[in-house]
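K.L.:
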Amino acid sequence: MEEKKTRKRLQANTALRQIIVDFYAEGHRAKAEGRPVIWIPPMNGLIELFYAMGITPVFPENWAPLCAAIGTNRKNFEYAAKRGFSGDLCGYFRNNVGYALDGINEENQPLNGLPAPDFLISFGAGCIPTMKAFQVMCDHFKVPVFKADLPQVAMEKIEKRHIAYGVAQIKRLIRFLEDETGLKFDIDKLRQAVIHTNEACRLWDEIMALRSTVPSPFSAAEIGIMFVMVTRHGTEIAVNFLKDVLREVNEKVARGEGVIPHEKIRLFWDNIPLWYNMQLFNYFEKWDAVVVAETYTSAWSLRLNPDEPLESIAYKSLVSYPLVSCVSLNKRIELITRAVRDYKIDGAILHSNRSCRPISMGQMDIGRVLADELSVPSVMFDGDHMDSEKFSMAQFQTRVDALMEMILEKKRAS
Ligand code: SF4
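The sequence shown maps to residues -6 to 407 in the working numbering.
#1: So what does F375 bridge to, in DSSP terms?
#2: What did DSSP end up calling V48 once you bin it into helix, strand or coil?
#3: Do the CB positions of L396 and V362 come within less than 8 Å of each other?
#4: Cα separation between G38 and T224?
#5: Per DSSP, which residues does E287 bridge with? Please list them.
#6: Buried or exposed for P103, going by 16 or more other Cβ atoms inside 10 Å?
#7: How many angstroms separate the CA atom of R87 from the CA atom of A73?
#8: Does the Cβ-Cβ distance between E451 and I253 come in under 8 Å?
#9: Can you name the start and end residues of the beta strand (DSSP E) that S212 belongs to?
#10: Inspect the beta-carbon positions of I156 and E41 and report whether they are closer than 8 Å.
#11: Whole-angstrom Cβ separation of T288 and L328, contact assumed at under 8 Å?
#12: Is there contact here, the stretch 55 to 64 with the stretch 138 to 154, by at least three beta-carbon pairs under 8 Å?
#13: List the whole-angstrom C-beta distance separating S205 from K404, where the pair is believed to meet the contact cut-off of C-beta under 8 Å.
#14: Does F274 come out as helix, strand or coil in the three-state DSSP assignment?
#15: At a cut-off of 7 Å, is Y72 close to the ligand SF4 when judged by its beta-carbon and the heavy atoms of the ligand?
#16: For chain D, check one thing: does any of its Cβ atoms lie closer than 8 Å to the Cβ of A387?
#17: Which residue from P208, F384, T65 and Y44 puts its Cα closest to that of K177?
#18: For D142, does the three-state DSSP call read helix, strand or coil?
#19: For a quick check, are the C-beta atoms of I258 and D335 less than 8 Å apart?
#20: Quick check on F178: does DSSP put it in helix, strand or coil?
#21: Rounded to the nearest angstrom, how far is the Cβ of P302 from that of I180, given a contact under 8 Å?
#22: Going by beta carbon distance, what residues of the same chain come within less than 7 Å of R22, once the five residues before and after it are set aside?
#23: Does the distance between the C-beta of A60 and the nearest non-hydrogen atom of the ligand SF4 fall short of 7 Å?
#24: Would you mind listing the beta strand (DSSP E) stretches within the stretch 88 to 118 that are 3+ residues and don't spill past its ends, in chain order?
#25: With burial defined as no fewer than 16 other Cβ atoms inside 10 Å of the residue's Cβ, what is the status of T123: buried or exposed?
#26: Starting from W268, trace the alpha helix (DSSP H) both ways and give me its first and last residue.
#27: Can you round the beta-carbon distance between I121 and I33 to whole angstroms, since I take them to be within the 8 Å contact cut?
#28: Can you tell me which of G376, R165 and N98 puts its alpha carbon nearest to the alpha carbon of F116?
#29: Could you check whether the Cβ of Y108 sits closer than 7 Å to any heavy atom belonging to the ligand SF4?
What follows is the structure in structure tokens.
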């Protein structure tokens, strides 16, 4: 079969690379200048609070995909194994614990590695591996620790009392930060951070919606742009970057320029991608197929209210995980059903992720709904978003090829 290459990646990737470099450099600069560096779990409303208070946040979980992309994850897995952590645990956990306990001491690390924490904030309604990783780090680093657990509530069931509880925990955190750092909390600065996040989420939705265009202007290979949603919420950096992405994507749509020359098949991807092999998304090109929507990218489809900044970041802390890993099956099915309609999906790839059981649960039911109610064929493959040893390219190719044949046969028959 003739090899057909991706036309081109988004130019925004050049700016993204610089944003990544700057983010890690900023952490090291803060450390060198004696400003506080705080490690926090990802996907919560505290990022707005930290940026509003002039505190530099570091997200060990966000470091993990970078480690997978550059290959240092294997060393971190070894460190975690030597400390007695099972290879069956989530790859983020193994990477982050191995790195925090031992890898951090290595010399000549890419991006100079992570600056050591001055404080640890274990906060949120995260999955067990996320919160356990912080427990290990809290035991390891001899620094002040703030802990607060939020309830894991399905997002459709969040009530005012959950928000009020979250606000109470955030107020407790503010007192902790003021006491420990001497910095002062300013509600107007938080409001501004919330405005930035809200705008970033709005732009994100607009960009993602453009992928419903036929041909799709970009594929899942570009979802590294979510780096700004994890690390730069609450700042103009995310807003300005996303404005540039939106402009570029809009121009591609206006030119009718798809990510591949002759798009025939539009795919949905369920679960986290393989961070060590993002080129995998190019495999579909031989079938003139593109992944145009994913479950993962929906995590930033939320809105915050700048008039209620504390309630907004409490809400964000409560919903962030439900949008990714604690989402109810009904909600996921609803989300995928909508995506199938909006993005004109022909087939779905269900990544049964050894690392992330929370996101993998329910995939058999999703496959059944896709087939029985939406007449959309799907295929499931075994993989792991962090560990290449738990992924078989041969199995992936065999199953994907069978799915593509099925979709093409269906198209021929219709
Ligand atoms: S949500 Fe999944 S991938 Fe993320 S830390 Fe939890 S188990 Fe790992």
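Even for Gly, the Cβ is constructed at its ideal location relative to N, Cα and C. Source: prediction; values computed, not measured.
P.N.:
Once the coordinates are examined:
#1: According to the sequence as given, residue 375 is Asp; it is not Phe. Note: D375 sits in a beta bridge opposite S345.
#2: Reading off the sequence shown, one finds Ile at residue 48, where the question assumed Val. Reduced to three states, the DSSP call for I48 is coil.
#3: No, the pair does not count as a contact, with Cβ atoms beyond the cut-off.
#4: Their backbone Cα atoms lie some 11 Å apart in a straight line.
#5: In DSSP, E287 forms a bridge with W262.
#6: With fewer than 16 other Cβ atoms inside 10 Å of its own Cβ, P103 counts as exposed.
#7: Between R87 and A73, the C-alpha separation is close to 6 Å.
#8: Since the first residue shown for the chain is -6 and the last is 407, residue 451 is missing from the structure and cannot be characterised.
#9: Note, S212: premise wrong, no beta strand (DSSP E); not H, not E.
#10: For the 8 Å CB-CB criterion, I156 and E41 do not form a contact.
#11: The C-beta distance from T288 to L328 rounds to 7 Å, short enough to meet the 8 Å contact threshold.
#12: Taking 8 Å as the limit for Cβ pairs, the verdict is that the stretch 138 to 154 does not touch the stretch 55 to 64.
#13: The C-beta distance from S205 to K404 rounds to 19 Å, too long to meet the 8 Å contact threshold.
#14: DSSP, read as helix, strand or coil, puts F274 in helix.
#15: Not one heavy atom of the ligand SF4 sits closer than 7 Å to the Cβ of Y72.
#16: As a matter of chain content, chain D is missing from the structure shown, which is built from one protein chain.
#17: The residue among P208, F384, T65 and Y44 with its C-alpha nearest the C-alpha of K177 is Y44.
#18: The answer is strand: DSSP assigns D142 an E or B state.
#19: For I258 and D335, no; Cβs fall outside 8 Å.
#20: In the structure shown, the three-state DSSP call for F178 is coil.
#21: Indeed they touch by this definition, with Cβ atoms about 6 Å apart.
#22: Cβ within range, chain order: n/a, list empty.
#23: This sequence places Cys at residue 60; Ala is not what is there. No - the ligand SF4 has no heavy atom lying nearer than 7 Å to the Cβ of C60.
#24: 112 to 117, all fully within the stretch 88 to 118.
#25: In the assembly as shown, T123 is a buried residue. Its beta-carbon has 16 or more other beta-carbons within 10 Å.
#26: For W268, no alpha helix (DSSP H) encloses it, and the DSSP letter there is neither H nor E.
#27: Not really, about 17 Å apart at Cβ, beyond 8 Å.
#28: Of G376, R165 and N98, the residue nearest in Cα terms is R165.
#29: Before going on, a small fix: residue 108 reads as Pro here, not Tyr. Within 7 Å of the C-beta of P108 there is not a single heavy atom belonging to the ligand SF4.
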